[in-house]
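Protein sequences appear in the order of chains A and B. Using full-length UniProt numbering, the first residue of the first sequence is number 1, and each one after it goes up by one. Using full-length UniProt numbering, the first residue of the second sequence is number 1, and each one after it goes up by one. What follows is a set of notes on a single structure, which appears directly below.
Number of protein chains: 2
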Amino acid sequence: MDKAEHSGKLFIISGPSGAGKGTICQRLVEESKVEISVSMTTRNPRPGEIDGKSYYFTEREDFLTEIEKGGFLEYAEVYGNFYGTPREKVIEKLSNGVDVVLEIDIQGALKVKEAYPNGIFIFILPPSMAELRKRITGRGSETEEAINLRLSQTLKEVSYIDKYDYCVVNGDLEEAVARVKAIVMAEHSRVSQSIYKLIEKYKEEV
Amino acid sequence: MDKAEHSGKLFIISGPSGAGKGTICQRLVEESKVEISVSMTTRNPRPGEIDGKSYYFTEREDFLTEIEKGGFLEYAEVYGNFYGTPREKVIEKLSNGVDVVLEIDIQGALKVKEAYPNGIFIFILPPSMAELRKRITGRGSETEEAINLRLSQTLKEVSYIDKYDYCVVNGDLEEAVARVKAIVMAEHSRVSQSIYKLIEKYKEEV
């Protein structure tokens, strides 16, 4: 548990596949002063991927050592490769006053919540299941059966929404991006430690 | 206590005199879909003031009856006149899905918090006591002694900030207005009853 209040904030952007969390994260990084959390992975780099930017590429053995040291806010094994969010890298940014955004599926987000309850958890929702079906079908890579499985999986995932602070329906992308940016701005106006410092300064002035 | 969750939200904009809460409220009403809460008063209308718009003007006797019926979210007597926030008028707007903004001093805000804990409480702060002194002095209506009294009063008031959800430092007005607008937008993205309705709709679709 990391209870220290850092000056930067951790925003977890999560939601079912197809809700558009990736696009929203990208826009947020481009348009707000937030930095994306880079994951660590044991899989091999693909052409064009840059170490430290796309991922931190690492050996399986080192990854397992990091797990034992509690070095990840969350990690998962997918098709034999490990992926994780390196705790130290995130904390370092937050300590330097940098906001960090983490794009992650619902399972991962729930783990991050245990490791870093001070995070701000945002659930991205599709406007409807019909629209989600359309988006997944549009990618053209899945069978009807696989799509149906995905949709019922989504229904299960959505039931975790009460673990989140905010939810943003991504029907219109611009609207959704504006909402997420507003959440980032509003969270910086929360009554917090930093405001007590300002009040101390007031007292010196009177 | 009003525990019902209304679709509109009540934003309480409060802070010491001179912090600029009035200007911020006015801008919010002009630029966002929020309506100002109109106070009820027993004082006589001044030239140009419109009943139901500037204030609801009422007789002292009727005001006292309203107090007994619990008809105010808060009220106060100032220089022999009563001023109050009519509960029914506010609840009616909220029930119709209209956001309501209430500009009020700190004492009043604390009373509103008891009567309507679901409200969103925003504290407007001056950037410094030096700046606050300058603003009050600029109005030219108060003696040095009165100003000093006001400033030490402000220090006391500021200690109630932990009863608030948000605080916005009003150094640059545009920045402060943008922050308050972001808070309004973000609060509408909170995980709430309305999102569960959307999820119910998903279920019907799958």
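Quick reminder that beta carbons are idealized off the backbone N, C-alpha and C, glycines included. None of these values were measured; they are calculated from a predicted model.
Asked                                                                                                                                                                         : Found
Could you please give the first and the last residue of the uninterrupted alpha helix (DSSP H) stretch that includes Thr137 (chain A)?                                        : 129-139
So which residues on chain B does Val158 (chain A) lean against when the C-beta distance must stay under 7 Å?                                                                 : Ile199, Tyr202
Among all the DSSP beta bridges, which residues are the ones paired with Phe123 (chain A)?                                                                                    : A:Ser14, A:Cys167
For Tyr164 (chain A), I'd like the list of residues in its chain whose CB is within less than 7 Å of its CB, leaving aside the five on either flank, ordered along the chain. : Phe121, Ile122, Phe123
Less than 8 Å between the CB atoms is what I'm expecting for Ser159 (chain A) and Glu205 (chain B), so what's the real figure, rounded?                                       : Actually they are not in contact, since the Cβ atoms of Ser159 (chain A) and Glu205 (chain B) sit about 15 Å apart, beyond 8 Å.
Check the Cβ of Leu110 (chain A) against every Cβ in chain B and list those closer than 8 Å, keeping chain order.                                                             : None at all; the shortest Cβ gap to chain B is about 14 Å.
Here's the rule: buried if 16 or more other CB atoms are within 10 angstroms of the residue's CB, otherwise exposed. What is Val100 (chain B)?                                : buried
Below 8 Å on the Cβ atoms is my guess for Leu94 (chain A) versus His188 (chain A); work out the distance and round it to an integer in Å.                                     : Not confirmed; about 13 Å, so no contact.
Asp99 (chain A) CB to nearest chain B CB: under 8 Å?                                                                                                                          : no
Between which two residues does the beta strand (DSSP E) harbouring Val101 (chain B) extend?                                                                                  : 99-104
If the cut is a Cβ gap below 9 Å, which residues of chain B does Leu125 (chain A) touch?                                                                                      : Ile195, Leu198, Ile199, Tyr202
Can you list the residues of chain A that Glu205 (chain B) reaches, using a CB-CB cut of under 8 Å?                                                                           : Ser128, Met129, Ala130
Beta strand (DSSP E) containing Asn81 (chain A): first to last residue?                                                                                                       : 81-86
Are Ile106 (chain B) and Val112 (chain B) touching if we call contact CB-CB under 8 Å?                                                                                        : no
Does the separation of the CB atoms of Gly22 (chain B) and Asn170 (chain B) fall below 8 Å?                                                                                   : no
Taking C-beta pairs closer than 9 Å, name the residues in chain A that Arg190 (chain B) reaches, listed in chain order.                                                       : Asp165, Tyr166, Cys167
What are the boundary residues of the beta strand (DSSP E) that includes Glu74 (chain A)?                                                                                     : 72-78
On a Cα-Cα basis, can you pick out the residue from A:Asp162, A:Thr42, A:Lys203 that is closest to Ile199 (chain B)?                                                          : A:Asp162
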